[in-house]
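Right, one structure below, let's go through it.
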Amino acid sequence: MNQVKQEAIRNARLAKEAEQRKNDLIVYLAHDLKTPLTSVIGYLTLLRDEKEISDKLREKYLAISFEKAERLEDLINEFFEITRFNLSQLSLDKSRVNLTRMLEQITYEFKPLLDSKNLQLFLQMETDIEFTCDVNKMERVFDNLIRNAINYSFENCSIKIGAVKKDDGVEVYFENQGNTISKEKQSRIFEQFYRLDVSRGTKTGGAGLGLAIAKEIVEQHQGSITVFSENEIIRFTVFLPEVS
Numbered sequence: 001m002n003q004v005k006q007e008a009i010r011n012a013r014l015a016k017e018a019e020q021r022k023n024d025l026i027v028y029l030a031h032d033l034k035t036p037l038t039s040v041i042g043y044l045t046l047l048r049d050e051k052e053i054s055d056k057l058r059e060k061y062l063a064i065s066f067e068k069a070e071r072l073e074d075l076i077n078e079f080f081e082i083t084r085f086n087l088s089q090l091s092l093d094k095s096r097v098n099l100t101r102m103l104e105q106i107t108y109e110f111k112p113l114l115d116s117k118n119l120q121l122f123l124q125m126e127t128d129i130e131f132t133c134d135v136n137k138m139e140r141v142f143d144n145l146i147r148n149a150i151n152y153s154f155e156n157c158s159i160k161i162g163a164v165k166k167d168d169g170v171e172v173y174f175e176n177q178g179n180t181i182s183k184e185k186q187s188r189i190f191e192q193f194y195r196l197d198v199s200r201g202t203k204t205g206g207a208g209l210g211l212a213i214a215k216e217i218v219e220q221h222q223g224s225i226t227v228f229s230e231n232e233i234i235r236f237t238v239f240l241p242e243v244s
C-alpha cells in the first residue's frame with residue numbers, strides 16, 4: 001500500500017508541475033507578445049491617421065512594423081516548439097545521416113546573416129561523419145546553436161564549428177567571440193524562459209526557448225549539451241552517443 005500511495009503522490013506532483021509549466025507558458029506568451037504587438041498597432045495607426053506623411057517616413061514606419069511582425073512570428077514559433085516538446089511524448093524518427101554534409105548545408109543558409117555582421121565561419125570537421133539520429137530534430141538543435149553564436153558574436157570576428165567522431169559517438173562544438181557568460185548564467189542558460197527578462201525587447205531577445213529546446217532534443221538522443229565561456233570565448237559542445 002505504501003508503494004501505491006507513494007506512486008500516487010508522485011503522479012500528483014508531476015501533474016501539478018506540468019500544469020504550472022503550462023501556466024507559465026501562457027503568462028510569458030501574453031507578456032512577451034505585448035511589446036511588439038503594441039509597436040505594430042502604434043505605427044499602423046500613425047500611417048492611417050497621418051494624412052500628410054512623407055514617403056521616407058512612411059517607408060520607415062512600414063519597415064519597423066514589418067520587423068516587429070517578424071518578431072511576433074518568431075516568438076509564436078518558439079512557443080509552439082517548446083509546447084510540442086514539453087507536452088507530447090514524441091518518438092524519434094532515426095535514420096543514418098552524413099553529419100558533415102548536414103552541418104555544411106545548415107551553415108550555408110546563414111550566409112546573409114553572417115555577412116550582415118561581417119562574420120567569418122570556419123568549419124573544422126572530419127570528412128563524411130556518419131551518424132544515426134532524428135534528422136529534423138537534430139537540424140533544429142544545430143540551427144539554434146548557430147543562430148545563437150551569430151547573435152552573440154562581436155562583429156568582424158569568426159565563428160568555429162567542429163565535429164569529431166569518437167569511439168562511442170560524435171562531438172560537435174560551436175564557438176564564437178562575444179561577452180563572457182558568467183558562471184551563474186552558464187548554470188541557468190538551458191532553462192526555459194531564462195533569457196526572457198534579461199533581454200526583452202532586443203533584437204536577439206527571443207523567448208529564451210531555443211537552448212531549452214536544443215537541450216531537450218539532445219537528451220532525447222541520450223546525449224549531453226554543455227557551455228563553456230572564458231576570456232570572451234563562448235563554446236557550446238554537443239555529445240551524441242552512438243546508440244545501437
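Position 36 of the sequence shown, counting from 1, maps to 36 under full-length UniProt numbering, and the rest follow consecutively.
Cβ coordinates follow ideal geometry from the N, Cα and C atoms, glycine included.
Because the structure is a prediction, the values reported are computed rather than measured.
For Y108 and S39, the gap between their C-alpha atoms comes out near 33 angstroms.
In this structure, DSSP gives Q124 an extended state, which the three-state scheme calls strand. Straight through space, the alpha carbons of L44 and L37 are spaced by roughly 11 angstroms.
Burial state of L103 is buried, judged by a 10 Å Cβ sphere holding 16 or more other Cβ atoms.
Leaving aside the five residues that flank D134 on each side, the residues in its chain whose CB is nearer than 6 angstroms to its CB run, in chain order, L92, D93, K94.
I146: member of the alpha helix (DSSP H) spanning 135-151, first to last residue. Comparing alpha-carbon positions, the option among V170, N118, I150, A12 lying closest to N179 turns out to be I150.
For G169, the enclosing beta strand (DSSP E) covers residues 169-177. The three-state reading of DSSP puts N156 in coil, since its state is none of H, G, I, E or B. I129 places its beta carbon less than 9 angstroms from that of T100. Of the candidates Q220, V170, Q186, Q177, the residue whose Cα lies closest to the Cα of L240 is V170.
Counting other Cβ atoms within 10 Å of its Cβ, R48 stays below 16 and is therefore classed as exposed. Looking at the backbone, the Cα of F174 and that of A63 are separated by about 32 angstroms. In its chain, beyond the 5 residues on either side, T237 have a beta carbon closer than 6 angstroms to the beta carbon of T226. Shown here, N77 sits in a helix according to DSSP, grouped into three states. At least 9 angstroms separates the beta-carbon of V97 from that of I217. With fewer than 16 other Cβ atoms inside 10 Å of its own Cβ, A15 counts as exposed.
Following the DSSP letters along the chain, one finds E104 inside the alpha helix (DSSP H) bounded by residues 99-108. Straight through space, the alpha carbons of F79 and C157 are spaced by roughly 31 angstroms. Distances from the CA of D143 to each of Q120, L113, V164 were compared; the closest alpha carbon is that of L113.
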